[in-house]
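Asks: All residue numbers in the sequence shown are consecutive under our numbering, ending with 76. C-beta atoms are modelled at their ideal positions from N, C-alpha and C, and glycine is treated no differently.
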Amino acid sequence: MERFYCALDAIIAMKRIRGVNTYCRLYDIDRRNLIANRKDLERGWFQVSWLQPMVKEYGVSAKWLLLGAGKMFED
Numbered sequence: 002m003e004r005f006y007c008a009l010d011a012i013i014a015m016k017r018i019r020g021v022n023t024y025c026r027l028y029d030i031d032r033r034n035l036i037a038n039r040k041d042l043e044r045g046w047f048q049v050s051w052l053q054p055m056v057k058e059y060g061v062s063a064k065w066l067l068l069g070a071g072k073m074f075e076d
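Structure (structure tokens):
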């Protein structure tokens with residue numbers, strides 16, 4: 002989960018999206034759940050489907066997201 006939020010911050014910093022609200026709106030994610038889960042990773046609201054747009058649309062490495070191996074972004 003920490004890598005998901007790290008990648009989300011990186012995508013925002015690269016100005017690929019405006020912010021968390023935009024990511025949630027584009028991919029039909031409950032923003033309140035995403036924000037609450039970020040504050041407390043033990044909440045249990047994290048959904049694996051939140052990862053899919055990062056891999057498909059923004060080039061984040063699935064291997065890095067799931068295993069922590071390799072680089073954050075695909076070449």
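Contact defined as beta carbons within less than 8 Å: I believe N38 pairs with R32. What is the distance between those atoms, to the nearest angstrom?
Replies: Not a contact, Cβ separation roughly 11 Å.
Asks: Going by beta-carbon coordinates alone, are I30 and W51 separated by less than 8 Å?
Replies: Going by C-beta atoms, I30 is nearer than 8 Å to W51.
Asks: How would you call A70, buried or exposed, if buried means at least 16 neighbouring beta carbons within 10 angstroms?
Replies: Exposed is the call here.
Asks: Answer with buried or exposed for I36, where buried requires no fewer than 16 other C-beta atoms within 10 angstroms of its C-beta.
Replies: I36 is exposed by the Cβ-count criterion.
Asks: Using the Cα positions of L42 and P54, report the straight-line distance between them to the nearest angstrom.
Replies: For L42 and P54, the distance between alpha carbons rounds to 20 Å.
Asks: Where does the unbroken alpha helix (DSSP H) through R4 begin, and where does it stop?
Replies: Per DSSP, R4 belongs to the alpha helix (DSSP H) from 3-14.
Asks: Any idea which residues DSSP pairs V56 with across the strands?
Replies: In DSSP, V56 forms no bridge with anything.
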